[in-house]
Structures are given as structure tokens and as C-alpha cells.
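A.B. asks: Questions regarding the structure given below will be posed in turn.
Numbering (our numbering), first residue to last: 221 to 617.
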């Protein structure tokens, strides 16, 4: 969890501002020139940095208050001309404001600049007034120019970063939307086939009802199972399309009459082997029938993982696929080494964003992350879709 604003300010801003205050004292404070104790006069400079704690929320206001405090201390004391806080405020304005506002802030520093210039002119030996005045003005203006340039550059980078993050968020939302649409189409096909089978079996049951009641009863039981499965798939499809809402729950009933997911795993692995990818496959445990939507999700996890390995993996190191069955469902673990021994490089992750949405749809869990020099995708899927889900990690697409 990210810290709140006060905690973040204490951790990051306060030490930095204290350091700037020390620099301000070293450059612009002369002890012994005031009737008040030197430590008290120096401590007044710390007050000029307090408004800068709000420079992110209100940069112009923070700069204005800092400027007023700095000028007040310069006029009220003989040995302290605080300027660093004003420059820090100017940097904040340049980083977050329009050019017109920035130039106005630069112009407003004329008063503290004049105070410093006048003091330098008076302190010099006869005949050096012009030179000292020129040096003081040039120095202050040079600092102003550097701070404005640095602030504008930092502000532009910050805006570009925010725009990039917004674009990435939009791409992630689009990836989720496309995956939801794809899942919905698949679920539509599953439901349509189930309804077709229900109709055919109902007709068959009606034909044998008088001559073979037992067979008719078995057929009608099958119709009931298909109906329950179709209801489950409809619930999930409606939830994905945001018609029933995020809390739409599938009917807890289901059917054990699933498809051979192990055969599909072997077929997917063989297709990548035929394309030249080295894959080590092991399947453990006794296979169990699963709902068709779970079978589709398992195939997509495997396809996306092997595609990721093809793009980013070491071609000389085989991809390791572990497929197994647990008490709660099926487990899939796919890992590949980084190419050429280099540090793993992550991509946009949009493929895994869509994959995560598919895993959520059936109530599974997904982990995708680097472990040492290997990228690992690990999925756990239920036999029948459920409600509990968790998706962890990020990676390549």
C-alpha cells in the first residue's frame, strides 16, 4: 500500500528541504551582523521552506508565499538574504505551469535579486561597484535560467510519463474488452450446442418413453445436466458482458460430462513442436472431466505461455510444461529461460492481461513472474467454474 501524502512528505521532502536550507545558510547567511542571536536569524530561513511542502498541490501559491517570506527576512535582517527557497519554488512553477506563469514568477524574483545586488555593490571596494553589480545580476539570472529550463524539461517528462501510463491503461482495458468478447463468443457457441443437444435428446426421450422408460429417464437426466451447464455458461457470459454485473454468480450446479482437456494440451504442445519450439511435457495425475469453458481457458493459458516463450525464450533451452491434477482441479506450469542468458525483458503484458480476464471468468488463479532467469506462468483452474479467483504478477505478451 502506498503511503499517504503526509507520510510521503516526511520521507521524501523534509530531508531534501533541510538540505537546501543548509545550502542557503552557507551561501546567503553572515553571522554576527544582527542584534538577535545568529541561530535565531538562521532559523528564520527554515520558515521559507515550509510552503514548499505544498509545491506539488499548489506550486504558484507555494512560490508566492515563499517569495514573500524571503523578502521579509531580507528586509528585516542585516546578515541573511534567503534565496534558495525562492529558487526551489521557481523550479516547481516552471515544472507545472504555462510559460506565461513561469515568466511571471521569474519577473517576481526581481525584488530579492535587487536586494542581493545592492548589498554586493555596497560591499565592494571603490571602483568595483559596476563589476560586482554585473556579476551579481548575471549570477542570479543564470541560476533563474537553469532552474526554469530544468523545471520545464522535468514537467514535460512528467506529462509524457502520465500520457504513457494513460495509454497503457487504455490498452489494458482494450485487451480485457477483446478477451471478454472472445470468451463471450465461445460461451455463446457452448450454450448453443448444449441447447441443440437438449432439444435432440428431449425428442429422443419422447420417442422411447412408452417402450423403454428407463432409457427415457436417463436421457432426461442428461437433458437436465445440459440445462444446468447451459445456465452456468449464460451466467458467466452475462457477467463478462457487464449485463448482470460483477456479482453475477453462476448456478452452483454443473455437469461432470466434460471434454478431454489432456488431449487438447497434447495437441497444443505438438503444434508448437511442429513449429520448431522445444517443449518438455509431463502430465501427472488422473484426468477428470471439466466444463468446456475451463477447457478453453486452459488451452489459452498454454497457447499464450508458449507464444511468450517463442518470442522471449532461449531457443536452445526447452520450454518446460507441467500439467497435473489436484483435488480441486487442474494445474499448469510453463517456464522458459531468458534468451542468450540476458536479464529477462518484460513487454507490455497485454497478452497476459487478457489471459488474466479469461482465468477470472472461470474462477481460476494465475501467477506470471520471473523466477531467477526463468519466466514462469502458473495457473490453477477448477473442474467447474467457481467464484473465488486471484491473479498475480505481470510479464510479457
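Note that beta-carbon positions come from the ideal geometry of N, C-alpha and C, so glycine has one too. Predicted model, so just to flag it, every value in this text is computed and none were measured.
Report the residue from 528, 542, 512, 494 whose alpha carbon sits nearest the alpha carbon of residue 500.
C.D. replies: Along the chain shown, one-based indexing puts residue 500 at 280. Of the candidates 528, 542, 512, 494, the one whose C-alpha sits nearest the C-alpha of residue 500 is 542.
A.B. asks: Return yes when the Cβ of residue 600 is within less than 8 Å of the Cβ of residue 522, no when it is not.
C.D. replies: On the chain shown, residue 522 is found 302 positions in, with the first residue counted as 1. On the chain shown, residue 600 is found 380 positions in, with the first residue counted as 1. Contact: no.
A.B. asks: Between the Cα of residue 331 and those of 415, 236, 289, spot the shortest distance and give me the residue it belongs to.
C.D. replies: As a working mapping, residue 331 is identified with position 111 in the chain shown. Comparing Cα-Cα distances from residue 331 to each of 415, 236, 289, the minimum goes to 289.
A.B. asks: Determine, using beta carbons only, whether residue 443 comes closer than 8 Å to chain C.
C.D. replies: Among the chains of the structure shown, chain C does not appear; only one protein chain is present.
A.B. asks: What span of residues does the beta strand (DSSP E) with residue 602 cover, start to end?
C.D. replies: Taking the first residue of the chain shown as position 1, residue 602 is located at position 382. Looking at the DSSP string, the run of the beta strand (DSSP E) that includes residue 602 is 594-602.
A.B. asks: If we call anything under 8 Å between Cβ atoms a contact, is residue 509 one with residue 548?
C.D. replies: Within the chain shown, numbered from 1, the residue matching residue 509 stands at position 289. Within the chain shown, numbered from 1, the residue matching residue 548 stands at position 328. No, the pair does not count as a contact, with Cβ atoms beyond the cut-off.
A.B. asks: Take residue 319 as the anchor and find which of 336, 372, 333 has the nearest alpha-carbon.
C.D. replies: Walking along the chain shown from the start, residue 319 turns up at place 99. It is 372 whose Cα lies nearest to the Cα of residue 319.
A.B. asks: Would a C-beta distance cut-off of 8 Å place residue 576 and residue 556 closer than the cut-off?
C.D. replies: Walking along the chain shown from the start, residue 576 turns up at place 356. Walking along the chain shown from the start, residue 556 turns up at place 336. Not a contact, by the Cβ cut-off of 8 Å.
A.B. asks: To which residues of the same chain is residue 476 closer than 6 Å at the C-beta, ignoring the five residues directly before and after it?
C.D. replies: The residue you call residue 476 lines up with position 256 of the chain shown. Legend: pLDDT at residue 476 = 38, less than 50; position of this residue unreliable, no value from coordinates given.
A.B. asks: Is it buried or exposed for residue 306, if we count other Cβ within 10 angstroms and need 16 for buried?
C.D. replies: Position 86 of the chain shown, counted from the first residue, corresponds to residue 306. By the neighbour-count rule (16 or more Cβ atoms within 10 Å), residue 306 is buried.
A.B. asks: Do you know offhand how far residue 261's Cα is from residue 392's?
C.D. replies: The sequence position of residue 261 within the chain shown is 41, counting from 1. The sequence position of residue 392 within the chain shown is 172, counting from 1. Using only the alpha carbons, I get a separation of about 55 Å.
A.B. asks: What did DSSP end up calling residue 358 once you bin it into helix, strand or coil?
C.D. replies: Numbered from 1 along the chain shown, position 138 holds the residue referred to as residue 358. If DSSP states are grouped into helix, strand and coil, residue 358 belongs with the helices.
A.B. asks: In the structure shown, what three-state DSSP assignment does residue 378 receive?
C.D. replies: Working through the chain shown from its first residue, we reach residue 378 at position 158. If DSSP states are grouped into helix, strand and coil, residue 378 belongs with the helices.
A.B. asks: Leaving out the 5 sequence neighbours to the left and right, which residues in its chain are closer than 6 Å to residue 374 when beta-carbon positions are compared?
C.D. replies: As a first step, residue 374 is located in the chain shown; it is residue number 154 there, counting from the start. Here the set comprises 315.
A.B. asks: Does the Cβ-Cβ distance between residue 398 and residue 584 come in under 8 Å?
C.D. replies: The residue labelled residue 398 in the question sits at position 178 within the chain shown. The residue labelled residue 584 in the question sits at position 364 within the chain shown. No. Outside cutoff.
A.B. asks: In the structure shown, what three-state DSSP assignment does residue 474 receive?
C.D. replies: Numbered from 1 along the chain shown, position 254 holds the residue referred to as residue 474. Because the pLDDT of residue 474 is 38, which lies under 50, any placement of that residue in the model is unreliable, and the number read from its coordinates should be weighed accordingly. It is coil, neither helix nor strand.
A.B. asks: May I ask you to list the residues that DSSP assigns as paired with residue 542?
C.D. replies: Here the question's residue 542 lines up with position 322 in the chain shown. Paired residues: 502, 553.
A.B. asks: Determine the direct distance from the alpha carbon of residue 444 to that of residue 429, and round the result to whole angstroms.
C.D. replies: Position 209 of the chain shown, counted from the start, is the residue given in the question as residue 429. Position 224 of the chain shown, counted from the start, is the residue given in the question as residue 444. Roughly 16 Å between the two C-alpha positions.
A.B. asks: What whole-angstrom Cβ distance do residue 312 and residue 279 have, given they're in contact under 8 Å?
C.D. replies: Reading the chain shown from its first residue, position 92 is the one you call residue 312. Reading the chain shown from its first residue, position 59 is the one you call residue 279. That belief holds up - the Cβ atoms of residue 312 and residue 279 are roughly 4 Å apart, short of 8 Å.
A.B. asks: Output the boundary residues of the alpha helix (DSSP H) element that contains residue 283.
C.D. replies: Taking the first residue of the chain shown as 1, we reach residue 283 at position 63. Note, residue 283: alpha helix (DSSP H), 279-296.
A.B. asks: Can you determine whether any heavy atom of the ligand FMN sits closer than 7 Å to the C-beta of residue 396, and answer yes or no?
C.D. replies: Annotation note on the ligand FMN: not contained in the displayed structure, which lists no ligands.
A.B. asks: So for residue 590, helix, strand or coil by DSSP?
C.D. replies: For the purposes of this step, residue 590 is taken as residue 370 along the chain shown, with counting starting at 1. Three-state result, residue 590: strand.
A.B. asks: With respect to the alpha helix (DSSP H) encompassing residue 265, which residues constitute its N-terminal and C-terminal limits?
C.D. replies: Counting from one through the chain shown, the residue named residue 265 turns up at place 45. That run of the alpha helix (DSSP H) goes 258-267.
A.B. asks: When we look at the beta-carbon of residue 513 and count the other beta-carbons within 10 Å, is it buried (16 or more) or exposed?
C.D. replies: Sequence index remark: in the chain shown, residue 513 carries index 293 (1-based). Under this definition residue 513 is a buried residue.
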